[in-house]
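Read the structure below first, then the notes.
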Amino acid sequence: MTTPQPAENPGSLLSKPSGFSTHKKSSQRNLTQRLGFGLLTLIALGTVAPIVLVIGYIVVKGSPAISWEFLTALPSDGMRAGGILPAIVGTFYLTLGTAIFSVPLGIGAAIYLAEYATENRWTRLIRIAIINLAGIPSVVYGLFGLGLFVLFLHFGTSILAGSLTLSIMTLPVIISTAEEAIRAVPQSFRVVSVSLGATRWQTIRRIVLHESLPGILTGVILGLERAAGETAPILFTVAAFFLPRLPNSPLDATMALPYHLFVISTQVPGMPVKIQYGTALVLLSFVLGMNLLATVIRSRARARRQW
Amino acid sequence: MMSDIPAAIPPVRSSFWKSELLITRLISAAGYSAVVFVALIFYFLISEGLPTLGEVPLKDLFSVRWYPIENYFGILPLLGGSLIVTLGAALVAMPIGIGTAIFIAEIAPRWARELLKPLVEVLGGLPSVVLGLIGILVLSPNLRRIFNFPTGLTAFTGSLLLAAISIPTIISVAEDSLDAVPRSYRDAALALGATEWQTIWRVTLPAARSGVLTAVMLGIGRAIGETMTVMMVTGNAPVMPTSLRMLFMPARTMTATIAAEMGEVAQGSTHYHVLFFIGIVLFLISLVVNVTASAVVFRQKKRSERILS
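This is the structure:
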């Protein structure tokens, strides 16, 4: 009475074992399933296709603008000509500054949560705080940075103020990915290390951090990728509308790629489209390059993992 | 995690233990830093934003006219703008996000999953200004032509791009919660004669309900807080939306208002305080969304990573 119908799988879409169908309306049920799966496949394609199209479009439209001069010259003619060097350098410094502050703090917090904290009310409070930090709108970070770093601490609109603002925004990403990486290290590693006479910190530094490094690195890079692409937090804390020179100190204001792209696509009349796409391409390469790096580190670590 | 390990035998040198103690202190301090930052952010928003209540009467603040140059600080049109743009984004992002999550978690063969997940991550990492540029140069002229709008810079254009921004969040959280549904549920349904489709629709998805709801909430939270994209493509007209038709007209969100006007106001002026007040409103919205979502997440004992990325 029960007849297996392996043919009901729509093509190669299914890798899992199929269900058995005994109902008299089974052909109709199979049709529903086929339509449903088809629809979901279409939806998934509909999610992915625009991503590929947008990136492809920017590469095609932007690459004619890319030249040695575009990457290494100062902007001229009210940004309508010349290069975008100050914006590239500015974004580089901002990302570096963000890393300096957020990496030690984020990894420290992750170590605390994974290795020291016990599950109690305070730890819960920390977790809720982290989740909240992750959800706060980027422009609110901008307001906060303006209030605390620029005005209250008198850093002025500077790379320092912007890096600090971006660091706090990046912190939750780094903490949560690093914590997960640290927790993935098997408990037996720690037990062996401690039983050999190592202290808790020696164990963490030499064993736990060593083993979880690729995972932590992935999180750090993904966090910095977000910081590099953000505009709203640097609007009032760093960004200079037009500053055709390179910054000399952390207390200098600077141009930055995302803000520069915003400026030339909305604030400057008669801006050549080629330069807009070119700038977008440079920013995109920066961000996607970091994304790719993170993906490579993650998959290599996964392949090499012994435990 | 190491609390169940017995302490090591103390070495002879005491300076050694001092440094161990110092490290422990530093690490605890780093652990609590997130709490300190949330408190600091709240404090600075309050201290710069609360003076608004003394400077602008409540009934003016909650009126429908935003025209700061002549001291009209009605924030309702901005709130309405944020709501209508977000509503539009949610309508687009919900079916697509959940559908893609189901596809990845339940249907896709391994190779498709390995391809889809990094691509969705890439979408999540696209800078919002880049999406804004595409919105200005490609999306809005085409929308204008297709629908015959007077302008392509409308709340709807913003909604479409915001949908793209919130979809990665929805996908990763929803996929997580679908993955968390025990394999035995599906096996039981299939053994009873249900098709794969029926199993997904009537067993797996209902079982993952709360997680999927969280996914949608976090996606909406992202959409409300997004700044640059909406500022670039929504036309920035602070008009109170009174009907759904307004979705196809220019609008202005709270985030875009802060971003566009903060650079031009004098520190300590009423306008400056009102912009921080809007910041408080945004902060509270994200607080409610995230605390509610995290309550669900805690119950499911899920890691926080997915909702963060």
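Order-wise, the sequence lines are chains L and G.
Counted from 1, the first sequence has number 241 at position 241 by our numbering; the numbering is strictly sequential.
Counted from 1, the second sequence has number 1188 at position 188 by our numbering; the numbering is strictly sequential.
Ideal placement from N, C-alpha and C gives every residue a C-beta, glycine not left out.
The model shown is predicted, which means the values in this text are computed figures rather than measured ones.
If you count every other CB in all the chains shown that lies within 10 Å of the CB of residue i, and 16 or more means buried, which is it?
i: residue 187 of chain L; result: exposed
i: residue 1066 of chain G; result: buried
i: residue 260 of chain L; result: buried
i: residue 305 of chain L; result: exposed
i: residue 78 of chain L; result: exposed
i: residue 22 of chain L; result: At residue 22 of chain L, the pLDDT of 48 sits below 50, so the modelled position is not reliable; the number obtained from the coordinates is stated separately. So residue 22 of chain L counts as exposed.
i: residue 1062 of chain G; result: exposed
i: residue 28 of chain L; result: exposed
i: residue 1269 of chain G; result: exposed
i: residue 104 of chain L; result: exposed
i: residue 81 of chain L; result: exposed
i: residue 72 of chain L; result: exposed
i: residue 1197 of chain G; result: buried
i: residue 1098 of chain G; result: buried
i: residue 1148 of chain G; result: exposed
i: residue 1267 of chain G; result: exposed
i: residue 1172 of chain G; result: buried
i: residue 56 of chain L; result: exposed
i: residue 1057 of chain G; result: exposed
i: residue 1146 of chain G; result: exposed
i: residue 36 of chain L; result: buried
i: residue 1191 of chain G; result: exposed
i: residue 1194 of chain G; result: buried
Consider the Cβ of residue i: report whether some Cβ of chain G lies at a distance smaller than 7 Å.
i: residue 143 of chain L; result: yes
i: residue 132 of chain L; result: yes
i: residue 240 of chain L; result: no
i: residue 29 of chain L; result: yes
i: residue 101 of chain L; result: no
i: residue 280 of chain L; result: yes
i: residue 33 of chain L; result: yes
i: residue 262 of chain L; result: yes
i: residue 211 of chain L; result: no
i: residue 174 of chain L; result: no
i: residue 347 of chain L; result: Residue numbering for chain L in the displayed model covers 1 to 307; residue 347 of chain L lies beyond these limits and cannot be assessed.
Using a Cβ-Cβ cutoff of less than 6 Å, which residues in the same chain neighbour residue i once the five nearest sequence positions on both sides are dropped?
i: residue 1182 of chain G; result: none
i: residue 1175 of chain G; result: 1101, 1104 and 1105
i: residue 1092 of chain G; result: 1163
i: residue 1295 of chain G; result: none
i: residue 123 of chain L; result: 117
With distances taken from CA atoms, which of the options is nearest residue i?
i: residue 1272 of chain G; options: G:1055, G:1022 and G:1029; result: G:1055
i: residue 1042 of chain G; options: G:1283, G:1212 and G:1204; result: G:1283
i: residue 1167 of chain G; options: G:1196, G:1207, G:1150 and G:1122; result: G:1122
i: residue 131 of chain L; options: L:234, L:73, L:172 and L:182; result: L:172
i: residue 1293 of chain G; options: G:1146, G:1251, G:1028 and G:1217; result: G:1217
i: residue 1240 of chain G; options: G:1070, G:1040, G:1074 and G:1051; result: G:1074
i: residue 220 of chain L; options: L:286, L:290, L:280 and L:273; result: L:290
i: residue 115 of chain L; options: L:281, L:273, L:181 and L:280; result: L:181
i: residue 1225 of chain G; options: G:1285, G:1195 and G:1190; result: G:1285
i: residue 1072 of chain G; options: G:1212, G:1275 and G:1281; result: G:1275
i: residue 1262 of chain G; options: G:1016, G:1037, G:1048 and G:1178; result: G:1048
i: residue 969 of chain G; options: G:1160, G:1208, G:1156 and G:1206; result: Because chain G here runs from 1001 to 1309, residue 969 of chain G falls outside it and cannot be looked at.
Going along the chain, which residues of its own chain have a beta-carbon closer than 8 Å to the beta-carbon of residue i, five neighbours each way excluded?
i: residue 309 of chain L; result: Chain L is shown from 1 up to 307; residue 309 of chain L falls before or after that span and cannot be answered.
i: residue 267 of chain L; result: 241
i: residue 44 of chain L; result: none
Should residue i be flagged as near chain L, meaning a C-beta pair shorter than 7 Å?
i: residue 1215 of chain G; result: no
i: residue 1220 of chain G; result: no
i: residue 1234 of chain G; result: no
i: residue 1259 of chain G; result: yes
i: residue 1228 of chain G; result: yes
i: residue 1182 of chain G; result: no
i: residue 1111 of chain G; result: no
i: residue 1130 of chain G; result: yes
i: residue 1119 of chain G; result: yes
For chain A, is any of its Cβ atoms less than 7 Å away from the one on residue i?
i: residue 199 of chain L; result: Here chain A cannot be found, since the structure's protein chains are L and G.
Might you give, ordered along the chain, the residues of its own chain that have their beta carbon closer than 7 Å to the beta carbon of residue i, omitting 5 neighbours on each side?
i: residue 185 of chain L; result: 208, 211 and 212
i: residue 158 of chain L; result: 238, 250, 251, 252 and 253
i: residue 1230 of chain G; result: 1085, 1158, 1162, 1253, 1255 and 1256
i: residue 146 of chain L; result: 236 and 237
i: residue 1222 of chain G; result: 1165, 1166 and 1169
i: residue 203 of chain L; result: 190, 193 and 194
The stretch 37-48 of chain L: which residues have C-beta closer than 7 Å to a C-beta of chain G, in chain order?
37, 40, 41, 43, 44, 46, 47 and 48
Please identify, using Cβ separations under 9 Å, the residues of the stretch 1014-1039 of chain G that lie next to chain L, in order along the chain.
Answer set for the stretch 1014-1039 of chain G: 1016, 1017, 1019, 1020, 1023, 1024, 1026, 1027, 1028, 1029, 1030, 1031, 1032, 1033, 1034, 1035, 1036, 1037, 1038 and 1039.
What residues in the stretch 143-167 of chain L have a beta carbon less than 8 Å from any beta carbon of chain G?
143, 144, 146, 147, 148, 151 and 152
Chain L contacts from the stretch 1262-1283 of chain G (Cβ-Cβ distance under 8 Å):
Within the stretch 1262-1283 of chain G, those residues whose Cβ lies closer than 8 Å to any Cβ of chain L are, in chain order, 1262, 1263, 1267, 1275, 1276, 1279, 1282 and 1283.
Contacting positions in the stretch 1135-1155 of chain G - beta carbon closer than 8 Å to chain L
1136, 1137 and 1138
Interface residues of the stretch 1044-1069 of chain G facing chain L [CB-CB below 7 Å]
Those residues of the stretch 1044-1069 of chain G placed with their C-beta closer than 7 Å to a C-beta in chain L are 1044, 1045 and 1048, ordered along the chain.
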